[in-house]
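Trainee: Pasting a structure below so you can have a look.
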């Protein structure tokens with residue numbers, strides 16, 4: 003029973019979401035809020051690997067998201083649509099359903115490789131110096147994108163919306179919703195498996211004490227590479243989804259403000275708590291949507307709330323506990339491993 | 009050759025701004041081990057305070073004029089800006105950082121708080137004053153000198169001189185006075201220092217006063233040279249100054265000073281030889297390279313970890 007509760011719940015949620023959006027019960031606005039919720043869950047839980055579980059301070063997450071967004075949308079535009087820059091489509095639109103996940107994967111792989119840019123200098127440096135490396139890498143990525151005029155430079159890049167349309171032409175379903183759901187579940191699954199495995203516990207050992215971890219035969223360099231690549235790869239996945247939902251990307255969207263947003267979600271949820279990251283991503287998305295009419299004042303209130311939170315509950319909503327630690331009875335129903 | 013000297017002159021000016029801001033980062037970091045991410049925005053607030061002080065003294069908001077000449081306005085604006093900006097910095101320290109520190113929270117939370125304070129300063133400014141850009145009044149007559157083909161304005165020379173003067177003063181304070189000794193002591197061992205009867209809270213406040221007033225001075229000088237003020241002006245320059253401080257070796261004010269000028273030189277030289285859009289790309293790549301060769305920065309010392 004224990005093993006099947008979560009899959010059954012997820013399947014029910016999935017069927018409910020798809021059914022409701024297919025049947026027209028939730029309008030496009032609510033659909034897009036749900037989709038951004040999923041993307042934010044991926045972003046916050048993937049940053050949680052580095053900032054929470056590994057205890058480093060990375061501020062460059064939006065950069066990897068940008069890499070994923072650009073690479074996956076370039077792939078999908080190159081392969082599926084007639085474009086001014088890339089010429090006619092390589093494949094016919096019927097293949098959209100097969101190609102799109104491959105494009106997402108391509109984006110994720112490219113972002114993971116970009117993660118090496120941070121991982122390798124991070125071998126020798128620690129905490130504050132690492133913050134700089136990540137900020138510098140964010141600016142390097144952003145500036146590189148801005149300087150390639152073939153992909154629009156600072157004006158941005160569009161055209162991937164038609165991939166989504168092609169998918170809907172093949173089979174009439176809210177495909178973006180489906181893909182975001184699958185990717186979110188995949189992210190949570192892979193992170194949960196990773197950090198609860200014996201191998202992944204090496205990351206938590208690095209947070210506790212790097213030198214001691216090294217002595218206890220944790221290969222810290224390798225762990226750092228794995229953690230950074232996993233984290234940035236998942237961010238790239240989220241970036242690819244983000245680009246295809248919006249149908250437009252520009253480098254300005256992936257700046258420090260975006261990173262700050264992701265960091266707020268991580269620290270709001272609690273460092274090193276997966277359920278905390280999920281909860282805070284959902285809460286934060288709802289909060290941002292609810293405060294949309296306030297416009298600029300929103301950006302005064304949100305930081306203020308976080309400061310107040312830091313004063314009264316500095317460890318975030320969940321601390322470094324999971325849901326099952328707070329409600330032990332849940333263990334009877336759900337397996338948290 | 010002449011253009012090289014011209015570029016060096018430009019680089020010295022840019023480096024002065026970076027250095028002045030980086031010194032503030034470095035002071036706070038050295039004493040508290042806290043990356044004060046709000047510092048760039050304190051620089052922005054300093055620029056706005058300078059603007060409002062200068063325009064107020066020139067009689068733009070009141071019916072009667074103070075009857076001050078422009079140079080006199082400048083002479084009064086410098087200390088007022090520095091004092092008021094220091095007030096802002098100390099207020100942030102008092103309201104946001106100190107309660108957390110007293111609770112013994114993990115330093116990462118203080119860093120997040122600092123980041124949020126920066127965001128609040130930016131957006132509160134945008135919400136209160138609106139998005140319209142303001143231009144700083146011309147307080148001094150701009151005179152252009154040409155020596156051997158290199159042209160420079162009096163403002164530029166004043167900026168560079170101010171940076172060096174401030175550094176010299178700061179260095180004297182840190183290395184010669186009792187307050188400086190206390191600051192160095194706190195950065196050496198924060199937990200043993202209260203036992204020696206050193207008032208840590210006071211020293212921290214003094215640190216913030218020094219750092220923020222330098223940011224205020226930088227804001228004033230910057231807005232006199234580039235007279236357009238907007239709420240986001242501090243963000244980018246703040247992050248860059250922080251990077252400069254780290255490359256110099258954060259915690260050592262010589263490092264911050266040198267790092268600021270290094271970044272200024274890098275940026276200006278990149279702009280001189282490449283298209284200007286490559287500025288961030290190349291400058292940051294070089295900084296990344298420096299950090300991977302020398303992970304603790306130019307003047308930084310490797311900290312040994314005890315187990």
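Protein chains in written order, with the numbering used here: chain A, 3 to 339; chain L, 9 to 315. Using N, Cα and C, we set each Cβ at its ideal position, and we do this for glycine too.
(1) If you run the structure through DSSP and keep just helix, strand and coil, what is residue 327 of chain A?
(2) At a CB-CB cut-off below 7 Å, which residues of chain A make contact with residue 123 of chain L?
(3) What are the residues that DSSP puts in a beta bridge with residue 143 of chain L?
(4) So which residues of chain A does residue 286 of chain L contact, with C-beta pairs closer than 8 Å?
(5) What number of angstroms, rounded off, separates the C-alpha of residue 139 of chain L from the C-alpha of residue 99 of chain A?
(6) Tell me which residues share the same chain as residue 39 of chain A and place their Cβ nearer than 6 Å to its Cβ, disregarding the 5 neighbours each side in the sequence.
(7) Can you give me, in chain order, the residues of the stretch 85–116 of chain A that have a beta carbon less than 7 Å from any beta carbon in chain L?
(8) So, does the CB of residue 141 of chain A fall closer than 9 Å to a CB anywhere in chain L?
(9) So residue 154 of chain L is in the beta strand (DSSP E); what residue range does that whole segment cover?
(10) So what's residue 201 of chain A in DSSP terms, helix, strand or just coil?
(11) Using a Cβ-Cβ cut-off of less than 7 Å, list which residues of the stretch 212–231 of chain L approach chain A; keep chain order.
(12) Since residue 160 of chain L is in the beta strand (DSSP E), which residue starts that stretch and which ends it?
(13) Output the boundary residues of the alpha helix (DSSP H) element that contains residue 224 of chain A.
(14) Counting pairs of beta carbons, one from the stretch 279–298 of chain L and one from the stretch 130–148 of chain A, are three or more of them closer than 8 Å?
(15) Which bits of chain A does residue 307 of chain L rub up against, with CB to CB less than 9 Å?
(16) Going by DSSP, what residue range makes up the alpha helix (DSSP H) through residue 18 of chain L?
(17) May I ask you to list, following chain order, the residues of the stretch 90–108 of chain L that have a beta carbon less than 8 Å from some beta carbon of chain A?
(18) What number of angstroms, rounded off, separates the C-alpha of residue 44 of chain L from the C-alpha of residue 50 of chain L?
(19) Kindly say whether residue 39 of chain L, judged by its beta-carbon, lies nearer than 9 Å to any beta-carbon of chain A.
(20) Could you tell me whether the Cβ atoms of residue 25 of chain L and residue 224 of chain L are closer together than 9 Å?
(21) Can you say whether residue 73 of chain L is buried or exposed, counting buried as having 16 or more other CB atoms within 10 angstroms of its CB?
(22) Is the Cβ of residue 222 of chain A closer than 9 Å to any Cβ of chain L?
(23) Going along chain A, which residues have a C-beta under 9 Å from residue 203 of chain L?
(24) Tell me the rounded alpha-carbon separation between residue 29 of chain A and residue 23 of chain A.
(25) Tell me which residues of the stretch 303–323 of chain A have at least one Cβ-Cβ distance to chain L shorter than 7 Å, keeping chain order.
(26) I need the boundaries of the alpha helix (DSSP H) containing residue 196 of chain L, first residue and last residue.
(27) Please return the same chain residues whose Cβ sits closer than 7 Å to the Cβ of residue 268 of chain A, not counting the five positions on each side in sequence.
(28) Output needed in chain order: residues of the stretch 123–135 of chain A with a Cβ under 8 Å from some Cβ in chain L.
(29) Can you give me the Cβ contacts of residue 57 of chain A inside the same chain, cut-off strictly under 6 Å, excluding the 5 residues immediately before and after it?
(30) Check whether the Cβ atoms of residue 239 of chain L and residue 131 of chain L lie closer than 9 Å to each other.
(31) Comparing C-alpha positions only, which one of L:307, L:15 and L:308 sits nearest to residue 160 of chain L?
(32) Looking only at its chain, what residues have a beta carbon closer than 6 Å to the beta carbon of residue 92 of chain L, apart from the 5 residues adjacent to it on each side?
(33) Using a cut-off of 8 Å between C-beta atoms, extract the partners of residue 66 of chain A located in chain L.
(34) Do the stretch 294–308 of chain L and the stretch 255–262 of chain L meet, that is, are 3 or more Cβ pairs less than 8 Å apart?
(35) Using a Cβ distance threshold of 8 Å, determine whether the stretch 115–131 of chain L contacts the stretch 290–309 of chain A, with at least three qualifying pairs required.
Mentor: Let me lay it out:
(1) helix
(2) 262
(3) L:236
(4) 145 and 149
(5) 45 Å
(6) 284 and 287
(7) none
(8) yes
(9) 152–155
(10) coil
(11) none
(12) 158–161
(13) 222–248
(14) yes
(15) Result: empty, since nearest Cβ-Cβ is about 14 Å, beyond 9 Å.
(16) 10–40
(17) 104, 107 and 108
(18) 10 Å
(19) no
(20) no
(21) exposed
(22) no
(23) The premise fails here: residue 203 of chain L is roughly 26 Å from chain A at the closest Cβ pair, so nothing lies under 9 Å.
(24) 7 Å
(25) 305, 306, 308, 309, 312, 313 and 316
(26) 186–196
(27) 46, 49, 50, 53, 54 and 279
(28) 123, 126, 127, 130, 131, 133, 134 and 135
(29) 209
(30) yes
(31) L:15
(32) 57
(33) Residues of chain L passing the Cβ test: none, with the nearest at roughly 16 Å.
(34) yes
(35) yes
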